[in-house]
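Some notes on the structure that comes next.
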Ligand code: MRU
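See below:
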């Protein structure tokens, strides 16, 4: 499959996830504002993918001024100070897109650090552009390698001839390629294990049905889509061997923010004695937050709940809420699978290690 996020000939290429599974459309973006809009409107989504997209957006900011400013910018374009100002402005715009996934801020900070280092070394304009492009490109490559490492570690935990439940999309489409939770499943299949996936549809935006099922069908991995209210019944019937999900932010104590509904799945898994695994890169761990209570939870537009594919299904006059993420307490998490290895409770110690 095409990489979810890529950088080719000075443009950021993104798979438009709002068009899947019906159409595979690749967007070509040339400004940080376009990248920010793609993140906000969820054309690109998933914690690692938005982190890398934001970094590439900053590389675009360094590269050139927006097309409409080209005339005035051509003179300033070679002024290192102006490039650094553009980079800071782009960082500000990108930071204000989505609040929960820490990878977004991680990606932006890494680029800002590289830019400030350029300023400290008094690099000229050409060198600053080169360094920022290289830094962002490296993040594209690293993301895929990190996912493969997560897969390698996590595959050992997957059952053979087993049924694995996942929630939302933590696959190739949520990263540059391969995926975190789906990376674990892919690696288990590559290692010869026979895994059948149950994918929660994941209302309101249906990432499980539209994206996870799409990816798995493409890869020939058996997948059954269920509505979000079916998981408990399947667990009670002994039809689920383990759960593996991704994460948007993990606090220092191991509390995990992920797509709304993850907490309910974790409670059900705990009740039925089923392992509940979280697969995420270490860039998703936010050591500055002591617990999940401090994780900002994004409230998304209400029409995501009241409408499906543009059609209103909720009576006018009914109130709705739309928190996009929830927090699963560490006590419900069996293990956290990262590219550096598998962390077990107590997470305060194991995550740092
Ligand atoms: O709102 P989304 O689609 O960006 O939410 C995505 C998730 O919750 C994923 O599970 C998470 O980002 C992990 S992706 C590897």
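Numbering (my numbering), first residue to last: -5 to 347. Cβ atoms here follow ideal geometry from the backbone N, Cα and C, with glycine treated the same way. Just so you know, these numbers come straight off a predicted model, no measurement behind them.
#1: Hey, residue 207 and residue 193: beta-carbon distance below 8 Å or not?
#2: By Cβ distance, which residues of its chain are closer than 7 Å to residue 147, with the 5 residues on each side in sequence left out?
#3: In the DSSP assignment, find the alpha helix (DSSP H) that holds residue 99 and state where it starts and stops.
#4: State yes or no: is the C-beta of residue 198 nearer than 7 Å to some heavy atom of the ligand MRU?
#5: CB-CB under 8 Å to residue 160, same chain, minus the five flanking residues each way: which ones, in chain order?
#6: At what residues does the alpha helix (DSSP H) containing residue 145 begin and finish?
#7: How many angstroms separate the CA atom of residue 89 from the CA atom of residue 98?
#8: Considering only their Cβ atoms, is the gap separating residue 303 from residue 256 smaller than 8 Å?
#9: Using three-state DSSP, classify residue 243 as helix, strand or coil.
#10: Following a CB-centred definition, is residue 174 positioned closer than 7 Å to any heavy atom of the ligand MRU?
#11: Could you check which residue in 57, 79, 234, 204 has the C-alpha nearest to that of residue 266?
#12: Classify residue 343 as buried or exposed, calling it buried when 16 or more other Cβ atoms lie within 10 Å of its own Cβ.
#13: Between 72, 245, 106, which lies nearest to residue 118 when the distance is taken from Cα to Cα?
#14: Starting from the Cα of residue 333, find the closest Cα among 128, 45, 204, 272 and give me that residue.
#15: Going by the C-beta, is residue 242 closer than 7 Å to any heavy atom of the ligand MRU?
#16: Mapping the DSSP letters down to three states, classify residue 154 as helix, strand or coil.
#17: Examine the ligand MRU and report whether any of its heavy atoms sits within less than 7 Å of the Cβ of residue 84.
#18: Any heavy atom of the ligand MRU closer than 7 Å to the Cβ of residue 163?
#19: Does DSSP put residue 37 in a helix, in a strand, or in coil?
Result, derived from the coordinates:
#1: yes
#2: 331, 335, 336
#3: 96 to 114
#4: no
#5: 175, 176, 179, 191, 192, 193, 194, 202, 206, 237, 238, 239
#6: 119 to 149
#7: 7 Å
#8: no
#9: strand
#10: yes
#11: 234
#12: exposed
#13: 72
#14: 272
#15: yes
#16: coil
#17: no
#18: yes
#19: coil
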